[in-house]
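These notes are about the structure you will find just below.
2 protein chains.
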Amino acid sequence: MKIRIISHCLPLLCALILGIGQSRGQSGYHLWLDYKPLRDELSVSYKTQLAALLFPTTDGTDSIAKQELLDAFNGLFGQVPEQVDAIRQQGTLVVGTPSSLPAMAQETVFSHVAQMGPEGYGIYTATIQGKPATAILANTSKGVLYGAYAFIRLLQRGADIAKVDITSRPKVNLRLLNHWDNLDRTVERGYAGFSLWDWHRLPGYRDPRYTDYARANASIGINGTVLNNVNANALVLTPAYLEKAAALADVFRPYGIKVYLSARFSAPMELGGLPNADPLDPNVKQWWKEKVAEIYRYIPDFGGFLVKANSEGQPGPQNHGRSHADGANLLADALKPHGGVVMWRAFVYEDTEPEDRAKQAYNEFVPLDGLFHDNVIVQVKNGPIDFQPREPFHPLFGAMPKSQLMMEFQITQEYLGFATHLVYLGTLFSETLRADTYCNGPNSSVARVIDGSLTGQPVTAIAGVANTGTAINWTGHPFAQANWYAFGRLAWDPDADAGDIADDWLRCTFGNDGPLVHALLPMMMQSREAAVNYMTPLGLHHLMGWDHHYGPGPWISGKPRADWTSVYYHKASKDGIGFDRTASGSDALSQYFPEVRALFENPQECPEEYLLWFHHLPWDFQMRSGETLWEALCRRYYDGVATVGRMQATWEGQKGRVNEAVFNEVRDLLAIQYQEAVRWRDACVLYFQQFSGMPIPDGLGHPEHPLEYYEKMEFHFVPGI
Amino acid sequence: MKIRIISHCLPLLCALILGIGQSRGQSGYHLWLDYKPLRDELSVSYKTQLAALLFPTTDGTDSIAKQELLDAFNGLFGQVPEQVDAIRQQGTLVVGTPSSLPAMAQETVFSHVAQMGPEGYGIYTATIQGKPATAILANTSKGVLYGAYAFIRLLQRGADIAKVDITSRPKVNLRLLNHWDNLDRTVERGYAGFSLWDWHRLPGYRDPRYTDYARANASIGINGTVLNNVNANALVLTPAYLEKAAALADVFRPYGIKVYLSARFSAPMELGGLPNADPLDPNVKQWWKEKVAEIYRYIPDFGGFLVKANSEGQPGPQNHGRSHADGANLLADALKPHGGVVMWRAFVYEDTEPEDRAKQAYNEFVPLDGLFHDNVIVQVKNGPIDFQPREPFHPLFGAMPKSQLMMEFQITQEYLGFATHLVYLGTLFSETLRADTYCNGPNSSVARVIDGSLTGQPVTAIAGVANTGTAINWTGHPFAQANWYAFGRLAWDPDADAGDIADDWLRCTFGNDGPLVHALLPMMMQSREAAVNYMTPLGLHHLMGWDHHYGPGPWISGKPRADWTSVYYHKASKDGIGFDRTASGSDALSQYFPEVRALFENPQECPEEYLLWFHHLPWDFQMRSGETLWEALCRRYYDGVATVGRMQATWEGQKGRVNEAVFNEVRDLLAIQYQEAVRWRDACVLYFQQFSGMPIPDGLGHPEHPLEYYEKMEFHFVPGI
């Protein structure tokens, strides 16, 4: 059925659509899939090139892909293509696989599919059966789905589709979100409302949001989701919850997304009544074997377990005198016959250890290298402390060549301003992925470690701790959507450019508006460094408020665990500031390969953004700029705040270019961010000044309140805990 | 600016709109303000009659009214009227007050405004300045706002506006929602997600939902909202929270909505460090005086306090040997100079009292009649226990002629199926409002008590415990929206017809679709009785699961408080079932006026729906139908379930008539409701059968599982607690 717009209806349509969308709270729900009408000249061009669609569907997945294309074309240029059985003289979009399009499978363009693997796709301008066509091809309907979304992205960017030649396959196999969602629907470190999973009404009631969640993830290539908090409740493994998880798995399956669960290691005791959870105990093995078989009866394509064990009080194999490998292998062996994996977290540190927290995961896991079974993958945070605004890459990357390692990033902004601060994390993710471990000489980037090219490992994975919740815009802050987006895009291709990804996101979200993108792209690209500067510049880390992690708390000390205080990390005193991780200190540097050590070990040459991560230096240490360390510290704190001020001005300039509700939201949030950045800056500068004894450099300004004012601030019911 | 639709664009528009709204989770956000396009013939007619708009605005409130009219006309019939300064020959809509339209204020139609009061409005077909026009008139811009919404409702119903003559003013002054929202954003007895109030980012970030919340409430005449739980946290009275509440008040103010807060009685101790909170202590009086003055500096039109005191562990005047009147007057005197009120809850009962729980509020409050100051209003639940599926009206209504009493209804379905069961509460609200107390002879309905006509009281009020939360559709169940709607409409006019209200809601929500309304209206109207039947028929009450109140729990016994068990209320034994509240029992009946006593005291004549509320009867008691009590009980349990089955069939018949996502949602929820209704029926019938020793009547069926199966069921993380 062909529907044509009469061109003078278009403004009316826009008015109607805006009018109907008048409810302000609706903004942001559509994420980067908002399919807003494109400029007329693009529309005219696309309508011609995409007038017909040859897309026989074979299953739920490619049916979804087709509907997505139709919706997108409808929204973007107001035309639904005519569905055809044969390629037309011109303007046909052909979509499928060799098996769905057998009559064409011998055409030249189909030769590309050999490179695509089970999830990849290609988009080509090609001659097929003697006629010019546009083709979206893949080996599987899942690849077709990813190809369809990639194609839509091209249109949203206003790309020229008259000459397209794209072949893309993911470099990492398992690309997951981790939801730190509790069964009571609170979300640990969640700032976007509450858990999306309405456990009480599952399995019978499938909230339509589950489908839109799946769409959003599929559009950026995410193919797995861990539903529950790593601080796990064993109840999630009981039938009552398995049937709920199975209902979610049913919704996600046609979008190519598998369900995983966080498993509590002590479940055999809590659920099975066993006297212990010893991984070497045959009864325990049997319990897991039966439990896993039960799970697969509910969810035949269950992905596997994510496990936090012997970390921050969680139960684990060490409670029974066994190793992480013993524990992981126990679960892995139970999952193996069913094709499942175990993602075993390496986030371990004990305050009973006198050792530098940054060294402990390495110390605990490297001796286990090679001991994990082949469906175990060790999940390692991007850095060795805990998702700080900046950390050097985790020394485990490259240090366990006989094991499979995966990346864990944090998308939710636990230490980066919650859902209040505009901080684009694509730059943070990319910085880690591109860092060179030198484990196999140069070009041994973290990305190469996790994509399996250095180890040849069969299981590769990457996880992001989700920032989604029940907020209508999913992520709380409109720009936090970009971090979910960037994670997905980098999971597919860890070598992708963070700026290109931000550019895509802006065009997909706000429309293909050149001036807007030119203004907002730099804003996004600067935002992470701004946050580093107003919170923890020059390699400082872990200075946040106690427990809730909200706002500054450089004074935090005297707690039961030293490694949960701030003073443990900055070690500020009259003689200087910073954590000596060189040979004269904790020697955490020794856990890196020689080239990396060489990069950081000399304070005169150490990149300044890591200076106080690796060195304890006197306040008058001379920086390369000639400034003292104290002056440089102050300058960065003030720069960070000033950058937020410039971000506010940049955003003001977009008034009228973006939806009014979103404009107001972001403007209001930037105003809060500015106030909070000032608070961070002033609290930290005043606190450290107690030790430096030096004045704030001229021209920067002076805090409005004394240090006590900040130390006394109390916050109640801060979200996320 | 005039925009005209080309008629053949309309299907395209519909397709586009549906296409753009493809994200399924979007359904329901717009509530009854969805402004879907009307049928062509109505559109043509309205476009002619409403071609021009004469509406000079004077403030934020009438500006909102104007925008609402423009959006509604745009959505409903695709035309934005031309704004004019003078009435046209025909087709002008005139909107305003005598002061905004001074040139017309002497016209005949304006004489109606004398009857409107400060909030009322009128809608008239009239001749103004010699020309035919439609007029929406009021005394104030607030009345104009209400009139605009009422007018839109007429259009949504497809009413004939060629001959309109409506004058309406609210019968109750203060029409409030009560949010049992905690400061951590959990909602006590809330099943629609979490609290709408994002305290952490207030006051700087004003979530656009706050505006849509205000719109929704204004459209049904709600003019006040209590932001926080009656189990109050004193922190809400501290500056940090007052500035957040003030931000909300700013958003709500132009919609005519005032903000109130639940005040914790012990706040002088917790916040002020005073040694006691004795209402007669001058220091305590001074504390409240200063605290209230502080509140009014933040919120100049603050409405006042809602207080739960000496109830279920909440602190109150009795902790200091004082009375409810002392406590209420303390706060009232502090609020008086600022124009605020105190709503003092009469929901009191102590298990240390051997007295029937149903009698205690009356016993405690009647002696205080006449002792409350004139800005105190006593807030009384609809019935004397606690929002059961059916309760007789609260004996306090009519029993305190020298005091101001107000109604508290529960919109959230704590005892009526959470956000899972389709239960229209308009019938429940109306049943109570129309009940005759006989306090001043016949026609002394509860409505007359609360609207002030019997007492002449200056302050009249009605409150509904809100069912709203962060769910995109606000209320969790699509049909739960109707209960928010019905509460507002009945608050404005307690004598309104519940069926007319449901009819309005259906047309406003699903479109002006006759066949749909004819099918769904009876479904809604039967739904409350169905729930009564499958949960607590024949006057039974309080049989729900322990603590979370989810599902059946007639066996609940042996708890620290007898009046929190089920056995306390049904008293089932071999000799019969029911609570004797006549003279041979607790004599709770004596708290009603003689005509009411006469209605209920004889079991042979007592309306069957209240039978076991007032009587303990043997299982073989003969009902008027000839059945035994046991048979009648079983029959109602089975009828209730059967009704849900018919509701499912009715809903199936609407496939294609309603938005697909909503269709699926409601269908899935009805399926769960059916299962839960079966569970209620079977658990209760089996449980009571232990005592009746009688078989389930032939033809009804038999429970699938034994009683133990139901007694053993465990539920985790049930929402709302």
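Just so you know, the protein sequences line up as chains D and R, in that order. To convert, note that position 523 of the first sequence is 523 in UniProt numbering; the numbers rise steadily by one, no gaps. To convert, note that position 689 of the second sequence is 689 in UniProt numbering; the numbers rise steadily by one, no gaps. Heads up, the beta-carbon is just placed ideally off N, CA and C, and yes, glycines get one too. This one's a predicted model, so the numbers in the text were calculated from it and none came from an experiment.
- Contact between Arg-345 of chain D and Ile-385 of chain D fails: their C-beta atoms lie close to 15 Å from each other, not under 8 Å.
- Residues of the segment 345 to 363 of chain D with a Cβ closer than 7 Å to any Cβ of chain R: none.
- If you draw a 10 Å sphere on the C-beta of Ser-692 of chain D, you find 16 or more other C-beta atoms in it, and that means buried.
- Per DSSP, the continuous alpha helix (DSSP H) segment holding Ile-501 of chain R begins and ends at 498 to 510.
- For the pair of segments examined, the segment 125 to 137 of chain R was found not to touch the segment 185 to 197 of chain R: the number of CB pairs separated by less than 8 Å stays below three.
- DSSP assignment within the segment 255 to 338 of chain D yields the following whole alpha helix (DSSP H) runs of 4 residues or more, N-terminal first: 267 to 270, 282 to 298, 324 to 335.
- For Trp-555 of chain D, same chain residues with a beta-carbon under 6 Å away, outside a window of 5 residues either side, are Tyr-687, Glu-711 in chain order.
- 8 Å or more divides the Cβ of Val-718 of chain D from the Cβ of Arg-681 of chain D.
- Against chain R, the beta carbon of Thr-420 of chain D has neighbours under 9 Å at His-200, Arg-201, Gly-204, Tyr-205, listed in chain order.
- The segment 451 to 478 of chain R is shown to contain whole beta strand (DSSP E) runs of 3 or more residues at 461 to 465, in chain order.
- The beta strand (DSSP E) runs lying completely inside the segment 154 to 196 of chain D and spanning 3 residues or more are 165 to 168, 174 to 178, given in chain order.
- Chain-ordered, the chain D residues with CB closer than 9 Å to the CB of Leu-669 of chain R read Arg-201, Gly-204, Tyr-205.
- Neighbours of Asp-682 of chain R in chain D, taken as residues at a C-beta separation under 9 Å, are lacking, since the least C-beta distance is about 18 Å.
- At least 8 Å separates the CB of His-705 of chain R from every CB of chain D.
- Neighbours of Asp-333 of chain D in chain R, taken as residues whose beta carbon is under 9 Å from its own, are absent, since the nearest beta carbon is some 29 Å off.
- Around the beta carbon of Ala-583 of chain R, a 10 Å sphere encloses fewer than 16 other beta carbons of the protein chains shown; the residue is thus reported as exposed.
- The criterion of a C-beta distance shorter than 8 Å is satisfied by Leu-271 of chain R and Leu-237 of chain R.
- Ile-220 of chain D carries a coil assignment under DSSP once its states are collapsed to helix, strand and coil.
- The C-beta of Phe-717 of chain R comes closer than 8 Å to at least one C-beta of chain D.
- Annotated three-state conformation of Thr-427 of chain R is helix, per DSSP.
- DSSP lists D:Tyr-121 as the bridge partner or partners of Ala-138 of chain D.
- In the three-state reduction of the DSSP assignment, Leu-145 of chain R falls in the helix class, which pools H, G and I.
- Ranking D:Pro-706, D:Tyr-568, D:Pro-594 by CA distance to the CA of Ser-586 of chain D puts D:Tyr-568 first.
- Proximity of Ser-27 of chain R to chain D, defined by a Cβ-Cβ separation below 8 Å, is satisfied.
- For Asp-184 of chain R, a Cβ of chain D is located within less than 8 Å of the residue's own Cβ.
- For the pair Arg-646 of chain D and Phe-55 of chain R, the Cα-to-Cα distance works out to about 42 Å.
- Residue environment: Gln-106 of chain D is assigned as exposed (fewer than 16 neighbouring CB atoms within 10 Å of its CB, all protein chains considered).
- The beta carbon of Tyr-362 of chain D is closer than 7 Å to those of Pro-395, Leu-396, Ala-399, Gln-591 in its chain, skipping five residues each way along the sequence.
- Thr-92 of chain D: member of the beta strand (DSSP E) spanning 92 to 96, first to last residue.
- Residues of chain D with a Cβ closer than 7 Å to the Cβ of Gly-193 of chain R are, in chain order, Phe-194, Thr-470.
- Contact of Glu-665 of chain R with chain D is assigned, a C-beta pair being separated by under 8 Å.
- Partner residues in the beta bridge of Glu-82 of chain D, as assigned by DSSP, are D:Ala-52.
- One finds Arg-201, Gly-204, Tyr-205 in chain D with Cβ atoms closer than 7 Å to the Cβ of Ile-672 of chain R, taken in chain order.
- Neighbours of Pro-401 of chain R across chain D, judged by C-beta separation under 7 Å, do not exist; the nearest C-beta is about 43 Å away.
- For chain D, none of the residues of the segment 601 to 616 of chain R brings a beta carbon within less than 8 Å of one of its beta carbons.
- Collapsing the DSSP output to three states places Ile-577 of chain R in a strand.
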